[in-house]
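**Q**
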Amino acid sequence: EVIIAIMIEVWGLPRIIIEQERIEYVGMNDPVEEHVLNIVNAGNEILNFLITHVIIEEPNRNEREWIIYEPARGQIEPDDDFNVIVTLNPEGLIGGLYEAELIIESNDPANPEVIVPVTMEVIGVPIINVVWDEDMGYPELIYLNRGLQDIFHGGPYEIPVTISNVGTDVLVIFDISSDSEYIIAEL
12 EVIIAIMIEV WGLPRIIIEQ ERIEYVGMND PVEEHVLNIV NAGNEILNFL
62 ITHVIIEEPN RNEREWIIYE PARGQIEPDD DFNVIVTLNP EGLIGGLYEA
112 ELIIESNDPA NPEVIVPVTM EVIGVPIINV VWDEDMGYPE LIYLNRGLQD
162 IFHGGPYEIP VTISNVGTDV LVIFDISSDS EYIIAEL
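Under the working numbering, the first residue of the sequence shown carries the number 12, and numbering increases by one thereafter.
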């Protein structure tokens, strides 16, 4: 009878668990909203992670990021957890649905990539802005006598007035009117 001694070395493995299935926000253009993304290492080896994101849907291409997460990388000891702050910033964005995916890559061999969907529904607000020449009295009233050199009774005088939308949703103008019979507005 021969007895062979076999030595087996068991390597520990990290095991990632993300407690949030998704991150959602619905609101006006403010305030900035912070969410906690909790990453758990349920394994028995250090978990290394890296977070990136991909934009899925935006009503228009933005010059700035509306989703920020800190920190974007880290290490978690076995049987420990770590909070990542995910900030959704709707400030200045036009109304609509914004969608992204947080991609969490790790050294967990069974689950090397975890995706957390992020949705932010921004409720836009139209804001009308009406401007005319300062020589004509802007921003108080339109004064013909200030801006026009020679005013004669009965002559038509044009005063350019600019109407714009400085808000974050579509501005619809149905009509422009005046309580004076002598002023006519044309779109």
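By construction, the Cβ of each residue, glycine as well, lies at the ideal position given by its N, Cα and C atoms.
Kindly indicate the opening and closing residues of the beta strand (DSSP E) around residue 163.
**A** From DSSP, residue 163 is part of no beta strand (DSSP E); its letter is neither H nor E.
**Q** Below 8 Å CB to CB, which residues in the same chain sit around residue 157 once its five sequence neighbours on both sides are set aside?
**A** 146, 147, 148
**Q** Just to check, is the beta-carbon of residue 49 closer than 7 Å to a non-hydrogen atom of the ligand NAD?
**A** Among the components modelled here there is no ligand, and therefore nothing to report on the ligand NAD.
**Q** Between residue 138 and the rest of its own chain, which residues show a CB-CB distance below 7 Å, the 5 nearest in sequence each way excluded?
**A** For residue 138, where only same-chain residues beyond five positions count, the Cβ hits under 7 Å are 176, 177, 178.
**Q** Rounded to the nearest angstrom, what separates residue 120 and residue 89 at their Cα positions?
**A** Taking the straight line joining both Cα atoms gives about 15 Å.
**Q** Might you give, ordered along the chain, the residues of its own chain that have their beta carbon closer than 7 Å to the beta carbon of residue 131, omitting 5 neighbours on each side?
**A** Closer than 7 Å at Cβ, skipping near neighbours: 36, 77, 99, 101, 109.
**Q** Just to confirm the assignment, what range does the beta strand (DSSP E) spanning residue 183 have?
**A** Element bounds for residue 183: n/a, residue is neither H nor E.
**Q** So who's on the other strand from residue 92, going by DSSP bridges?
**A** Bridge partners of residue 92: 51.
**Q** Compute the distance between the beta-carbons of residue 104 and residue 133, then report whether it is under 8 Å.
**A** Yes, these two residues count as a Cβ contact at 8 Å.
**Q** Starting from the Cα of residue 198, find the closest Cα among 141, 118, 184 and give me that residue.
**A** Per the C-alpha coordinates, the member of 141, 118, 184 positioned closest to residue 198 is 184.
**Q** Is it the case that the Cβ atoms of residue 58 and residue 82 are separated by a distance below 8 Å?
**A** no
**Q** Let's see if you can read the secondary structure: which residues bound the beta strand (DSSP E) around residue 139?
**A** 139–143
**Q** For residue 175, write down the residues that DSSP places opposite it in a beta bridge.
**A** 140
**Q** Can you tell me the Cβ-Cβ gap for residue 64 and residue 114, rounded? I've got them flagged as a contact below 8 Å.
**A** 6 Å
**Q** Leaving out the 5 sequence neighbours to the left and right, which residues in its chain are closer than 6 Å to residue 94 when beta-carbon positions are compared?
**A** Within the same chain, 47, 49 come within 6 Å of residue 94 by CB-CB distance, once the 5 residues on both sides are set aside.
**Q** What's the call for residue 80, buried or exposed, on a 16-neighbour Cβ count within 10 Å?
**A** Buried is the call here.
**Q** Can you check which of these residues, 193, 172, 27, 136, is closest to residue 38 by C-alpha distance?
**A** 136
**Q** What three-state label does DSSP hand residue 152 in the structure shown?
**A** coil
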